[in-house]
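Working notes for the structure below.
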Amino acid sequence: MARHMSKYPTELELLILKVLWRQSPQLAREVQAALAAEGRELAKTSIITTLNTMVAKRYLVRKKQGNMYLFTPRITESEVADRVLGDVVDRVFDGSTSAVLLKLFDVKDIHSDELQELRRIINAKLKDA
4 MARHMSKYPT ELELLILKVL WRQSPQLARE VQAALAAEGR ELAKTSIITT LNTMVAKRYL
64 VRKKQGNMYL FTPRITESEV ADRVLGDVVD RVFDGSTSAV LLKLFDVKDI HSDELQELRR
124 IINAKLKDA
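In this note's numbering, the protein residues as written are 4 to 132.
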């Protein structure tokens with residue numbers, strides 16, 4: 004039976020997307036080298052299998068160059084963040100954005116410059132409302 008494809012990138016797929024968001028297009032060996040530089044050493048066959056799976060999931064596009072393929076992201080970092088965060092807000096916090104923010108304050112240290120940026124954003128949203 005075929006494996007069900009997740010609507011979200013796996014941990015490895017997300018690492019690969021981050022590599023490709025920084026610089027693309029890239030060959031499989033370049034992706035492999037970038038991951039190795041970040042401490043994630045994987046066999047080239049594992050990288051190629053994952054890249055091809057990501058093409059099938061429509062996360063990447065590939066273009067043939069000689070006897071190799073160049074890989075480029077088809078989805079943006081913002082699209083992935085929107086999908087994943089939107090799902091967490093809906094499923095875990097019943098759609099409550101304030102509950103998400105309050106939980107973030109509980110589980111993460113927030114620096115004063117980040118708090119000032121949040122205040123600026125909230126003030127701008129209040130003016131627009």
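Here a beta-carbon is modelled for each residue, glycine too, at the ideal position from N, C-alpha and C.
With contacts defined as CB atoms closer than 9 Å, LYS66 and THR75 qualify as a contacting pair.
Around the beta-carbon of THR52, fewer than 16 other beta-carbon atoms lie within 10 Å, marking it exposed. Between VAL92 and VAL103 a beta carbon distance of about 6 Å is seen, short of the 8 Å cut, so the two are scored as contacting.
Closest in alpha carbon position to THR56, among ILE19, ILE125 and ASP97, is ILE19. By the criterion of a C-beta distance shorter than 8 Å, TRP24 is surrounded in its chain by PRO76, THR79 and GLU80, once the five residues flanking it on both sides are discounted. Rounded to the nearest angstrom, the gap between the Cα atoms of ARG122 and ALA84 is 22 Å.
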